[in-house]
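First residue of the sequence shown? That's 0 in numbering that gives the first Met the number 0, and the numbers climb one at a time after it. Single-structure report; data block below.
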Amino acid sequence: MKSTNYILLLILLFCFGCKNEVSKLEFKYQDRTDILICDGLNTELLKEALISFEEDIFDTYDSERRLYNRSYSRFIGEAVNNKVDFTTVVSEHTKRVFEALQKDESLWDLQNTNSYLNHKHKILACIGDNMLDEDLKETFNALIHANSMSVRMFADPLKTKTATIKEDRYLALFIALDYYYAKLHDVDFSTPESEKTKKEPLK
């Protein structure tokens with residue numbers, strides 16, 4: 000009986016430790032307007048992920064004017080050709096956000112060679128339902144339903160719609176998750192720039 004109680008105590012302590020790990024993420028953008036509504040999902044974390052991503056690309060691609068269209072266009076152009084240097088673009092806060100996102104294992108499919116984002120996750124359905132541009136929405140949902148979504152497949156129609164991203168927060172969230180956070184699984188932030196090998200273009 001004592002051994003059983005001891006084991007239960009260890010389990011409780013372990014779970015408490017896990018909760019403490021999650022709570023370490025300090026939300027920097029709680030004061031921003033709630034821009035995402037997806038039932039049953041942690042929209043607070045998703046909003047934090049989106050805004051942190053946007054702050055990163057503003058700092059990297061248009062630090063003076065911080066324009067959505069310019070920053071997204073440059074980022075998407077580099078992302079499609081696998082030219083983004085994540086070790087210099089990603090902020091320390093974004094790294095912590097990514098660690099929090101990783102705790103939802105259902106959000107990722109690390110066996111998928113096209114994208115580590117799980118395109119069957121319910122966040123994709125929410126994005127597909129709420130995207131503003133009807134043509135892009137139709138293309139997005141068709142690719143998702145056909146299990147054919149990839150950075151390259153969606154890039155051409157996406158490039159013509161970057162002007163809508165400032166208003167379309169669901170489209171922006173998809174870009175953040177699939178073009179940015181999904182790629183961080185393969186990034187070694189401890190590797191010096193001089194030791195990096197040249198990456199091949201995305202398929």
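Where is the CB? At the ideal position from N, CA and C, for every residue including glycine.
- Under the criterion of beta carbons closer than 8 Å, Ile75 and Ala154 qualify as touching, at roughly 7 Å.
- Looking at the DSSP output, Leu116 sits in a beta bridge with Trp107.
- By the Cβ rule, the region 139-148 does not count as touching the region 36-54, because fewer than three pairs are nearer than 8 Å.
- Rounded to whole angstroms, the separation of the alpha carbons of Val88 and Lys27 is 18 Å.
- For Met152, the enclosing alpha helix (DSSP H) stretches over residues Val150 to Lys158.
- Here DSSP, grouped into helix, strand and coil, assigns Leu135 to helix.
- Counting along the chain, Gln101 sits inside the alpha helix (DSSP H) bounded by residues Glu91 to Gln101.
- In this structure, the beta-carbon distance from Gly39 to Lys94 does not fall below 8 Å.
- Buried is the label assigned to Leu157, since at least 16 other Cβ atoms lie within 10 Å of its Cβ.
- Val96 and Ala48 do touch by the CB rule: their CB atoms are close to 5 Å apart, below 8 Å.
- With a beta-carbon spacing of about 13 Å, Leu123 and Tyr115 fall beyond the 8 Å limit used to define contacts.
- Lys23 is classed as exposed because its beta carbon has fewer than 16 other beta carbons within 10 Å across all chains shown.
- Rounded to whole angstroms, the gap between the alpha carbons of Leu66 and Lys160 is 14 Å.
- Exclusion of the five residues before and after His184 leaves Tyr115 as the residues of its chain whose Cβ lies within less than 6 Å of its Cβ.
- A straight line joining the alpha-carbon of Lys119 with that of Asp30 spans about 31 Å.
- In the structure shown, Asp38 adopts coil according to DSSP, grouped into three states.
- Excluding five sequence positions before and after Cys37, the CB atoms of its chain that fall closer than 7 Å to its own CB belong to Ile122 and Cys125, given in chain order.
- Selection Ala181, Ser62 and Val79 evaluated against Asp103 yields Ala181 as nearest (Cα-Cα).
- A residue is called buried once 16 or more other Cβ atoms fall within 10 Å of its Cβ, and Ser147, having fewer, is exposed.
- Residues of the same chain with a CB within less than 7 Å of the CB of Met130, apart from the 5 flanking positions on each side, are Lys136, Phe139, Asp167, Tyr169 and Leu170 in chain order.
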